[in-house]
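Numbers in our numbering are just positions in the sequence shown, counted from 1, shifted up by 2. Glycine included, each C-beta is placed from N, C-alpha and C at the ideal position. Worksheet: the structure to be examined is printed underneath.
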Amino acid sequence: MKNYDTICIQGGYEPKDTEPRTLPIVQSTTFVFDKPEDMAELFDLTRSGSFYSRIGNPTLDALEKKIVALDGGVGALATSSGMSATLMAVLNVCSAGDHIVSTSTVYGGTYNLFAVTLPKLGIFCTFVDPNAPSEEIEKAINDDTKLIFGETVANPANVVLDFDKFATISKKYGIMFMVDNTLATPVLCAPIDFGADVVVYSSTKYLEGHAGTIGGLVVDAGKFDFTGNERYPEFNEPDESYHGLVYSKDCGNLAYIIKLRVQLMRDMGMIMSPFTAYLTHLGMETLSLRMKKHGDNAKEIATVLGKSPLVEWIFYPTQEGSSEFERSQKYLNGNTGVIAFGVKGGRENAVKFIENLKLIKQVTHIADIRSCALHPASTTHRQLSEESLKNAGIPSNMIRLSVGCENVSDLLADIEQALVKM
Ligand SMILES: *Cc1c(COP(=O)(O)O)cnc(C)c1O
3 MKNYDTICIQ GGYEPKDTEP RTLPIVQSTT FVFDKPEDMA ELFDLTRSGS FYSRIGNPTL
63 DALEKKIVAL DGGVGALATS SGMSATLMAV LNVCSAGDHI VSTSTVYGGT YNLFAVTLPK
123 LGIFCTFVDP NAPSEEIEKA INDDTKLIFG ETVANPANVV LDFDKFATIS KKYGIMFMVD
183 NTLATPVLCA PIDFGADVVV YSSTKYLEGH AGTIGGLVVD AGKFDFTGNE RYPEFNEPDE
243 SYHGLVYSKD CGNLAYIIKL RVQLMRDMGM IMSPFTAYLT HLGMETLSLR MKKHGDNAKE
303 IATVLGKSPL VEWIFYPTQE GSSEFERSQK YLNGNTGVIA FGVKGGRENA VKFIENLKLI
363 KQVTHIADIR SCALHPASTT HRQLSEESLK NAGIPSNMIR LSVGCENVSD LLADIEQALV
423 KM
């Protein structure tokens with residue numbers, strides 16, 4: 003296993019003689035070159051460096067190197083949000099007429115992107131039950147399928163992805179396997195080790211970790227071989243917008259990530275700001291410390307909730323007895339930080355519970371250092387009927403609790419008084 007503590011703290015920015023100890027924020031749109039030939043080398047991809055911050059910037063570069071070191075990929079790209087990371091990662095292999103197979107339990111924003119917005123661009127998605135047998139998932143694949151997509155730990159359903167099943171199907175059909183690793187982070191799961199070709203993140207969550215800034219990351223494992231694969235003509239034919247570059251031939255195992263940067267980021271411009279990259283890189287220095295504390299606290303709280311006479315049900319993947327427990331032991335290196343549970347007394351008591359909380363605040367966010375809670379049925383999913391809530395796996399008494407790094411006794415005291423006062 004990798005030494006995550008050290009990579010989190012020292013990976014990415016590695017200063018040389020006389021350079022600043024901490025990562026500088028390079029707040030400049032553009033960079034100076036003495037001779038046209040020098041700049042031309044960057045356009046020809048024969049020299050690395052920055053010339054314009056939409057394509058690359060030294061602060062972003064350090065953050066990209068840190069996530070690559072943690073995930074074990076070959077390259078990464080920092081984007082303006084988690085949603086833009088997923089959108090760009092998909093558009094890098096899909097155009098009009100293409101098709102995606104995705105698990106149905108993906109994050110709500112991703113679900114809408116795949117179900118509503120991408121179809122307007124001619125890209126269609128078939129959603130599959132993450133726990134369906136392989137034969138059923140394979141039935142969803144067709145000649146235009148370019149991607150199989152899933153989430154390591156689904157937000158908010160808390161389902162742990164069956165990596166072996168999805169990776170085996172992807173290999174069998176020569177289709178890219180893309181994983182959203184936001185809720186697990188590289189500290190809890192290394193999707194590339196379990197067969198993922200591309201990993202995407204909302205760095206807004208645990209990576210930056212302090213609810214300070216929105217951002218995203220795309221990581222390329224460098225393992226997918228596009229050469230001669232007829233599903234991916236864009237990688238095997240000359241890119242006329244980049245003086246005839248053939249990505250699979252000219253970029254080797256960096257084909258995916260180079261195309262993402264020099265073609266899609268150039269044209270779409272959903273780049274992260276240097277200040278966000280600085281905050282995210284800084285936040286990631288304590289990622290492994292925080293994940294341990296989030297997990298320890300959540301596990302303890304889940305155990306107490308599991309025994310409470312005021313709690314009807316609890317869904318926490320790394321708890322013994324959970325339907326996800328076996329997979330969580332196989333794929334996760336520790337306890338997760340988000341708990342879903344249902345209070346007794348239905349919707350009414352769920353609302354009261356949220357109102358009674360003092361230390362734990364109600365926010366539409368998860369995975370930052372401060373504990374927070376949400377009642378999905380009356381907020382994020384309030385447009386759904388009682389019936390549709392059930393179908394979406396969101397009972398009306400469900401509370402989503404994102405456990406922070408505070409002292410666990412203080413959190414338990416807050417939860418207990420909020421339950422008792424319902
Ligand atoms: C929040 C989230 C996203 C979207 O990220 P933004 O940074 O808010 O755009 C995507 N996937 C998962 C699993 C998330 O939790």
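Inter-residue spacing [alpha-carbon to alpha-carbon] between E287 and L62 = Taking the first residue of the sequence shown as position 1, residue 287 is located at position 285. Taking the first residue of the sequence shown as position 1, residue 62 is located at position 60. Their Cα atoms are separated by approximately 15 Å.
query = Can you tell me whether G110 is buried or exposed, with buried defined as 16 or more other CB within 10 angstroms of its CB?
reply = Counting from one through the sequence shown, the residue named residue 110 turns up at place 108. So G110 counts as exposed.
message = Would you say the beta carbon of A260 is closer than 8 Å to some non-hydrogen atom of ligand 1?
response = Numbered from its first residue, the sequence shown carries residue 260 at position 258. Per the sequence presented here, residue 260 reads as Ile, with Ala not at that position. False, no ligand heavy atom lies under 8 Å from that Cβ.
key: Cβ-heavy atom distance, A369 to ligand 1, below 8 Å   = Residue 369 sits at position 367 when you count from the first residue of the sequence shown. Of the heavy atoms belonging to ligand 1, at least one sits nearer than 8 Å to the Cβ of A369.
ask   = Grouping DSSP H, G and I as helix and E and B as strand, with all else coil, what is M424?
value = Within the sequence shown, the letter at position 422 stands for residue 424. Reduced to three states, the DSSP call for M424 is coil.
beta-carbon Y109 near ligand 1 non-hydrogen atom, thresh 8 Å = Residue mapping note: residue 109 aligns to position 107 of the sequence shown, counting from 1. Answer for Y109: yes, Cβ within range of ligand 1.
ask   = Going by other Cβ atoms of all chains shown within 10 Å of its Cβ, with 16 needed for buried, is E326 buried or exposed?
value = Reading the sequence shown from its first residue, position 324 is the one you call residue 326. The residue in question, E326, is buried, as its Cβ has 16 or more Cβ neighbours within 10 Å.
task = Put V181 into one of helix, strand or coil per three-state DSSP.
result = As a first step, residue 181 is located in the sequence shown; it is residue number 179 there, counting from the start. Three-state DSSP puts V181 in a strand.
ask   = DSSP beta-bridge partners for L403?
value = What you label residue 403 is simply residue 401 of the sequence shown in a count that begins at 1. L403 is bridged to I341 and A375.
key: Cut-off 6 Å between Cβ atoms - residues of its own chain near L334, not counting five sequence neighbours on either side   = Position 332 of the sequence shown holds residue 334. Same-chain partners within the cutoff: L190 and C191.
inquiry  = Could you check whether the Cβ of M293 sits closer than 8 Å to any heavy atom belonging to ligand 1?
reply    = One-based indexing of the sequence shown puts residue 293 at position 291. The answer is no for M293.
query = Can you tell me where the beta strand (DSSP E) with D199 in it begins and where it stops?
reply = Taking the sequence shown and counting its residues from 1, one reaches residue 199 at position 197. Where D199 is concerned, there is no enclosing beta strand (DSSP E), given that its DSSP letter is neither H nor E.
query = How about S30 and S50: are their beta carbons less than 9 Å apart?
reply = As a working note, residue 30 is residue 28 in the sequence shown. As a working note, residue 50 is residue 48 in the sequence shown. No, Cβ-Cβ distance for S30 and S50 is not below 9 Å.
Extent of the continuous alpha helix (DSSP H) to which K148 belongs = Walking along the sequence shown from the start, residue 148 turns up at place 146. Note, K148: premise wrong, no alpha helix (DSSP H); beta strand (DSSP E) at T147 to E153.
ask   = For the alpha helix (DSSP H) that contains A192, what are its first and last residues?
value = Taking the sequence shown and counting its residues from 1, one reaches residue 192 at position 190. In the DSSP assignment, A192 falls outside any alpha helix (DSSP H), carrying neither H nor E.
ask   = Looking only at its own chain, which residues have a Cβ that is under 8 Å from the Cβ of Y244, when we skip the five neighbours before and after it?
value = Residue numbering aside, residue 244 sits at position 242 when the sequence shown is read from its first letter. Hits under 8 Å: V264 and Q265.
task = Please find out if some non-hydrogen atom of ligand 1 comes closer than 8 Å to the beta-carbon of T381.
result = Taking the sequence shown and counting its residues from 1, one reaches residue 381 at position 379. No, since every heavy atom of ligand 1 falls outside the 8 Å radius drawn around the Cβ of T381.
query = Do G152 and F126 have their CB atoms nearer than 9 Å?
reply = Translated into the one-based positions of the sequence shown, residue 152 becomes position 150. Translated into the one-based positions of the sequence shown, residue 126 becomes position 124. Result no, Cβ atoms of G152 and F126 do not sit closer than 9 Å.
request  = Could you tell me if the beta carbon of S205 falls within a distance shorter than 8 Å of some heavy atom in ligand 1?
outcome  = Here residue 205 corresponds to residue number 203 of the sequence shown, with the count starting at 1. With a cutoff of 8 Å, S205 counts as near ligand 1, since its C-beta is closer than that to a heavy atom of the ligand.
inquiry  = Let me check understanding here. Comparing Cα to Cα, which of T278, F45, P60 and K68 lies closest to Y6?
reply    = Taking the sequence shown and counting its residues from 1, the one referred to as residue 6 is at position 4. The candidate whose alpha carbon is nearest that of Y6 is K68.
ask   = Can we say the region 300-313 touches the region 250-263, given the rule of at least three CB pairs closer than 8 Å?
value = Not touching, per the Cβ criterion.
key: Boundaries of the alpha helix (DSSP H) in which C253 is found, first to last residue   = Translated into the one-based positions of the sequence shown, residue 253 becomes position 251. Neither: C253 is in no alpha helix (DSSP H) and is coded neither H nor E.
query = For L93, which option in G176, I259 and D19 has the closest C-alpha, if you only look at C-alpha atoms?
reply = To locate residue 93, count along the sequence shown from 1; it is residue 91. Among G176, I259 and D19, the Cα nearest to that of L93 is on I259.
ask   = Buried or exposed: D46, going by 16 or more other Cβ atoms within 10 Å of its Cβ?
value = Reading the sequence shown from its first residue, position 44 is the one you call residue 46. When all chains shown are included, D46 counts as exposed.
request  = Tell me, to the nearest whole angstrom, how far the beta carbon of T81 is from that of V220; I am working on the premise that it is less than 8 Å.
outcome  = Translated into the one-based positions of the sequence shown, residue 81 becomes position 79. Translated into the one-based positions of the sequence shown, residue 220 becomes position 218. Rounded, the Cβ-Cβ distance is 7 Å, consistent with contact.
query = Looking only at its own chain, which residues have a Cβ that is under 7 Å from the Cβ of H212, when we skip the five neighbours before and after it?
reply = Indexing the sequence shown from 1 puts residue 212 at position 210. Cβ within range, chain order: G285, D370 and I371.
Element boundaries [alpha helix (DSSP H), containing C10] = Locating residue 10 in the sequence shown gives position 8, where the first residue counts as 1. If you look at C10, you'll find it in the alpha helix (DSSP H) that goes Y6 to Q12.
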